[in-house]
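Okay, so here's the structure we're looking at.
Residue numbers (our numbering), protein chains in the order written: chain A, 72 to 186; chain B, 49 to 161.
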């Protein structure tokens with residue numbers, strides 16, 4: 072699986088949009104971009120994933136550049152409860168064998184939402 | 049109606065002891081995992097089972113032995129506990145399809161003294 076690069080930490084004001092960047096310049100054509108977050112003392116939580124089109128769900132939006140070498144997770148109205156470590160992960164899709172089941176976490180970005 | 053539940057939440061034990069952590073998922077998923085998060089907060093996969101069959105074993109010492117009695121359960125047995133085993137252990141599950149998200153439990157904090 073391709074590696075990702077994320078800033079170690081970011082701050083955001085409560086109520087504002089939080090834009091978390093991720094670089095994945097070695098991403099392969101069959102690799103998806105996944106975002107998870109881990110709130111303190113809890114298990115990681117899935118947020119969103121995408122291949123090349125922008126995606127939106129009730130939690131966040133995912134913007135993937137046209138060359139797919141980077142992406143941005145957007146939390147449109149950050150709250151204090153969004154303070155967490157956010158992980159950007161690239162992973163192969165279906166029909167890719169046993170390693171398909173492995174999700175490899177990096178260091179992530181600690182997002183702190185301030186009141 | 050917790051999706052992935054682990055027990056116990058905290059486990060404190062002495063070196064050399066044998067302990068088990070249990071995990072159950074009620075999502076109907078076919079694949080289950082064990083992850084370890086060390087003191088530096090790195091999350092590393094240890095094992096993965098698909099329909100009770102081991103599919104990933106990430107160079108984990110033989111003292112660690114996963115057991116899957118059915119596809120809704122994946123337990124982790126640890127023999128001869130060492131200080132370095134102290135960590136938070138997370139269980140997770142997902143559908144077989146590769147793109148499906150992982151659902152994690154809230155972890156078991158193991159402290160070996």
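Beta carbons are placed, not taken as given, at the ideal position from N, Cα and C, and that holds for glycine. Small disclaimer: the values here were computed from a predicted structure and weren't measured.
- Note that the segment 62–77 of chain B touches the segment 126–144 of chain B; at least 3 beta-carbon pairs, one per stretch, sit closer than 8 angstroms.
- Excluding five sequence positions before and after residue 112 of chain B, the CB atoms of its chain that fall closer than 6 angstroms to its own CB belong to 126, given in chain order.
- DSSP places residue 108 of chain B in no beta strand (DSSP E); its state is neither H nor E.
- By DSSP's assignment, residue 92 of chain A forms a beta bridge with A/143.
- Look at residue 132 of chain B here: in three-state DSSP terms it is helix.
- Annotation for residue 70 of chain B: the continuous beta strand (DSSP E) segment containing it runs 67–73.
- Counting every other CB atom within 10 Å of its CB across the protein chains shown gives residue 102 of chain A a total of 16 or more, marking it as buried.
- Excluding five sequence positions before and after residue 97 of chain B, the CB atoms of its chain that fall closer than 6 angstroms to its own CB belong to 80, 116 and 122, given in chain order.
- Taking C-alpha positions only, residue 119 of chain B is separated from residue 186 of chain A by approximately 44 angstroms.
- Chain-order list of chain B residues neighbouring residue 113 of chain A: 152, 154 and 155, by C-beta distance under 9 angstroms.
- Interface annotation, residue 117 of chain A: in contact with chain B, CB-CB separation under 7 angstroms.
- According to the DSSP assignment, residue 108 of chain A belongs to the beta strand (DSSP E) that extends over 102–109.
- Within a 10 Å sphere around the beta-carbon of residue 136 of chain A sit fewer than 16 other beta-carbons, which makes this residue exposed.
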